[in-house]
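Engineer: Structure below; questions to follow.
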Amino acid sequence: MKRQLAQVLGKIIAVVLVLILIVLIERYCSYQPPAFGPDAHVSSMDGDTIKAGDGSEYRIYGIDAPELHQTCLEAIGKTWLCGRAAKARLTTILKHGNVNCEVRAKDRFDRAIAVCSAESVPDIGEALVRDGYAIDFGPGNSAGPYRDAQDEAVAAKRGIWRGTFDRPSDWRQENPRLD
5 MKRQLAQVLG KIIAVVLVLI LIVLIERYCS YQPPAFGPDA HVSSMDGDTI KAGDGSEYRI
65 YGIDAPELHQ TCLEAIGKTW LCGRAAKARL TTILKHGNVN CEVRAKDRFD RAIAVCSAES
125 VPDIGEALVR DGYAIDFGPG NSAGPYRDAQ DEAVAAKRGI WRGTFDRPSD WRQENPRLD
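So the numbering used here is basically just the index in the sequence shown, starting at one, shifted up by 4.
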């Protein structure tokens, strides 16, 4: 009887220790990139990715912007560098200062996916979509959080909506060495 009680007690103690170990690992070993904060140095890598001074990369939540080497067509058929324009617009927003990002998840490249803001720009993703330099992007290419902003950009023919373009995900698939 004492032996059975000792075995049961030993199993309970083992389970409790494993649970404590899991909690400690989760709390102290899970990497969470720091928020930028008001004085942090940040830059744009492309139209939807921010790089912090410490090298951390933040993919802006809910959007997909043209890739750096991607071109789009004006309504009159003239080609323009929409990927470079998207990066330039993000760079301009970042120059407002006070950039801060709230991490939501990680992507397949281990970048933080975050909702970011800057001085006078409460949601950088929404601003890029509203200005026509990114598309609203949800799970599995479904509607994301910025559908109204995109509808506004489409109606006003802003940015990429002033002509035709390949969806960034389609362009990446067709140009794997250039993205």
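C-beta: ideal position from N, C-alpha, C; glycine also.
(1) Can you look up R108 in the DSSP assignment and give me helix, strand or coil?
(2) Assuming D135 contacts G148 (C-beta within less than 8 Å), just tell me the rounded distance between them.
(3) Taking A56 as the reference, which of L13, S47, D155 has the closest Cα?
(4) How would you call Y35, buried or exposed, if buried means at least 16 neighbouring beta carbons within 10 angstroms?
(5) For S121, which option in E178, A153, K99, I164 has the closest C-alpha, if you only look at C-alpha atoms?
(6) Using a 10 Å radius around the Cβ and a threshold of 16 neighbouring Cβ atoms, would you call F169 buried or exposed?
(7) Exposed or buried, which one is K82 when buried takes at least 16 other CB atoms within 10 Å?
(8) Can you say whether R166 is buried or exposed, counting buried as having 16 or more other CB atoms within 10 angstroms of its CB?
(9) Thinking C-beta only, is A69 closer than 8 Å to Y137?
(10) Decide yes or no for the touch test of the stretch 48–67 against the stretch 124–131: beta carbon pairs closer than 8 Å, at least 3 of them.
(11) Is it buried or exposed, A79, if we count other Cβ atoms within 10 angstroms and call 16 or more buried?
(12) Please report the straight-line C-alpha distance between R108 and D114, rounded to a whole angstrom.
Structural biologist: Reading it off the structure:
(1) strand
(2) 16 Å between Cβ atoms; not a contact.
(3) S47
(4) Model confidence at Y35 stands at a pLDDT of 46, short of 50, so the residue's coordinates are unreliable; what they give is reported in the following sentence. The residue is exposed, with fewer than 16 neighbouring Cβ atoms inside 10 Å.
(5) K99
(6) buried
(7) exposed
(8) buried
(9) yes
(10) yes
(11) exposed
(12) 12 Å
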